[in-house]
Every structure is written in structure tokens, then in C-alpha cells.
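Notes for the one structure printed next.
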Amino acid sequence: MRLDRLLGLLGIASRTGAKEMIRLGRIQVDGQTMLDNTVKVHAGCALVVDGVPVDARTQRHLMMNKPAGTLTAAQDRNAATVMDLLPRVYHTLSCMPVGRLDKDTEGLLLFTTDGKLTHRLLAPASGVEKEYDALVAGELTQQDVQAFADRLRLSDFEALPAQLTILRVHNGQSSARVVVTEGKFHQVKRMFAARGHEVISLKRVRFGPLTLDPALGPGEFRELREEEWQTLSACVLNK
Ligand code: URA
580 MRLDRLLGLL
590 GIASRTGAKE
600 MIRLGRIQVD
610 GQTMLDNTVK
620 VHAGCALVVD
630 GVPVDARTQR
640 HLMMNKPAGT
650 LTAAQDRNAA
660 TVMDLLPRVY
670 HTLSCMPVGR
680 LDKDTEGLLL
690 FTTDGKLTHR
700 LLAPASGVEK
710 EYDALVAGEL
720 TQQDVQAFAD
730 RLRLSDFEAL
740 PAQLTILRVH
750 NGQSSARVVV
760 TEGKFHQVKR
770 MFAARGHEVI
780 SLKRVRFGPL
790 TLDPALGPGE
800 FRELREEEWQ
810 TLSACVLNK
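Using the numbering used here, you'd call the opening residue of the sequence shown number 580 and step up by one each time.
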């Protein structure tokens with residue numbers, strides 16, 4: 580792509596600003612000062628702006644530990660969104676969330692610039708597993724485990740079989756692990772509600788083959804490693 584377009588995509592300058600920066604000799608690509616804004620460069624070239632190396636990749640993939648209280652939305656007038664937690668470059672590259680977590684849900688949220696992959700990961704036919712840690716009101720029993728495994732009937736749909744593992748029952752509350760393969764609106768909360776248990780807190784700990792990096796505190800994110808990206812893509816290949 581043209582150098583001025585790349586600088587624009589990376590959020591370094593507007594198209595006009597980029598033209599000016601190039602004219603002033605402030606941009607180097609692969610060790611050479613570029614003076615022509617129309618020159619074609621490839622994303623991921625060795626880009627240096629004012630002597631400082633800049634990551635020039637236009638395809639980015641992230642994992643975030645979404646904090647409770649933030650909306651999974653591109654923008655919102657009243658509430659903080661997950662996009663507010665990302666530097667500008669991810670906005671200009673349209674690195675968007677893969678699906679949604681409720682405002683009060685925390686944990687693993689993926690972001691990517693690859694819209695096609697997002698589509699495949701979210702397609703019901705892909706059956707990508709999502710794993711959650713839940714704290715619920717009341718005492719979970721083996722009947723709940725069986726009900727989750729046997730297609731729970733909700734008001735407007737029948738949930739696909741889900742794995743429920745009870746971890747602890749204590750003081751009128753239960754903690755559990757849930758694995759679902761679909762992602763309907765409020766899916767996990769509604770499944771527990773159908774069994775008479777209100778969800779007190781919910782955290783996603785796995786999406787397909789990727790588990791939440793324990794080094795990420797709430798609101799922190801990191802880019803996926805190449806092998807993580809490959810494994811994620813491979814899990815929906817041919818689906
Ligand atoms: N299920 C829910 O109920 N909420 C989420 O945020 C994710 C799954």
C-alpha cells in the first residue's frame with residue numbers, strides 16, 4: 580500500500596499530515612529515508628518515524644482481561660467501553676472485539692482486525708467452546724449438572740449440551756465451571772436462571788484453545804503470540 584496510507588492506518592498522521600512528514604524526510608522504511616508519499620510499502624516493513632521504530636503491522640490480534648463495568652462496544656456516550664482501554668492504533672486499524680461479554684462479566688475477550696475470522700469463530704456451526712467461572716446463589720447439585728448436559732429449555736431456545744462442574748458449595752453459594760459451545764445473549768446467566776440460580780459473578784477463562792493469560796490484570800491486554808493466533812485460526816478451519 581502507499582506509504583501515506585500506511586501512516587494513516589497506523590494512526591501516525593492524517594493523510595495530509597503524512598505527506599508532509601514524508602516530504603520533511605521524517606520517515607524511514609527498511610533503512611531508507613522516503614521522500615515520495617506515493618511509494619508502495621508493505622505492512623510490517625521496518626518503519627522508523629523521527630528516529631523511533633514503529634510497529635507497522637496492520638493485522639493485529641489481542642487478548643484482554645475485560646474488567647467488570649465496561650461495555651463490549653465500539654463506543655458509548657455514557658459508559659466506558661473495552662475500546663477505551665486500547666491505544667489509538669487499534670482503533671485506526673479496526674481491531675474489534677470477537678463477540679461480546681456482558682457489562683458485569685469479566686475475563687477473556689479477544690480482538691482482531693480479521694473480520695472473516697471473527698465471523699467464523701462466532702458462527703454457531705463452529706461450536707467453539709467458551710469456558711466460564713461462575714459464582715451463583717444457592718446450592719448446585721448433580722441434578723443441575725445433568726440438566727446442563729441435557730439441553731436446558733429456555734424461554735426462546737433449547738441450549739446445546741453444556742458441561743457444568745461444581746467446584747465448591749459454601750454458605751448458600753456455589754462456584755462452578757461451565758463450558759458452552761454457543762453464545763446466545765446472556766447464555767450462561769439464563770441457563771443458571773432456568774435452574775433457579777442467580778449468577779453473582781461471571782468470568783470467561785477460555786475461548787476455544789486460548790486461555791486467559793494469568794499475567795493480565797483487569798483491563799490489561801497483550802497481542803497474541805503467532806502460535807496462539809495459528810491455533811485459534813486452525814480451530815475453525817473448514818467449519
Ligand atoms: N453468558 C452470559 O450470560 N454473559 C456473558 O457475558 C457471557 C456468557
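Glycine is no exception: its CB is placed at the ideal position from the N, C-alpha and C atoms.
inquiry  = Are there any heavy atoms of the ligand URA lying less than 6 Å away from the beta-carbon of V707, as far as the coordinates show?
reply    = no
query = Rounded to whole angstroms, how far is the Cβ of R730 from the Cβ of E737, which I believe are closer than 8 Å?
reply = 5 Å
ask   = Does the distance from the CB of N616 to the CB of L582 come in under 7 Å?
value = yes
Straight-line Cα distance separating D693 from D663 = 20 Å
ask   = Counting Cβ pairs closer than 8 Å, one from the stretch 779 to 797 and one from the stretch 644 to 655, do we hit at least three?
value = yes
request  = On a CA-only basis, which of M580, L626, K682 is nearest Q611? Give me that one, please.
outcome  = L626
query = So is M770 buried or exposed if we call it buried at 16+ other beta carbons inside 10 Å?
reply = buried
Distance, L701 Cα to E708 Cα = 10 Å
message = Is the separation between the beta-carbon of D712 and that of K768 shorter than 7 Å?
response = no
key: Cα-Cα separation between G678 and V715, rounded to whole angstroms   = 23 Å
ask   = Would L667 be called buried (16 or more neighbouring beta carbons within 10 Å of its own) or exposed?
value = For the sequence presented, residue 667 should be read as Arg rather than Leu. It counts as exposed.
query = Within the present structure, is the beta-carbon of Q766 separated from the nearest heavy atom of the ligand URA by less than 6 Å?
reply = yes
key: Classification of G787 by the beta-carbon crowding that lies within 10 angstroms, buried from 16 upward   = buried
inquiry  = I'd like the span of the beta strand (DSSP E) that includes F786, first residue to last.
reply    = 778 to 786
inquiry  = The alpha helix (DSSP H) that contains A773, what's its start and end?
reply    = 766 to 773
query = Under the DSSP definition of a beta bridge, which residues are partnered with Q530?
reply = With the chain covering 580 to 818 only, the question about residue 530 has no answer from this structure.
query = So L739 and T760 are in contact, right, with Cβ under 8 Å, and what is the actual spacing, rounded?
reply = 6 Å
task = Identify which residue in V778, F727, H765 has its Cα closest to the Cα of G751.
result = V778
request  = Note the first and the last residue of the continuous alpha helix (DSSP H) segment covering F736.
outcome  = From DSSP, F736 is part of no alpha helix (DSSP H); its letter is neither H nor E.
query = Whose CA, out of A773, T684, L614, lies closest to the CA of G604?
reply = L614
inquiry  = For the ligand URA, I want to know if D681 counts as a neighbour, meaning its beta carbon is within less than 6 Å of at least one of the ligand's heavy atoms.
reply    = yes
ask   = Does the Cβ of A741 have 16 or more other Cβ atoms within 10 Å, making it buried, or fewer, making it exposed?
value = buried
query = To which residues of the same chain is T744 closer than 7 Å at the C-beta, ignoring the five residues directly before and after it?
reply = A755, R756
query = Going by beta carbon distance, what residues of the same chain come within less than 8 Å of K598, once the five residues before and after it are set aside?
reply = D583, N616
task = Label F690 either buried or exposed according to how many other C-beta atoms from any shown protein chain fall within 10 Å of its C-beta, with 16 as the threshold for buried.
result = buried
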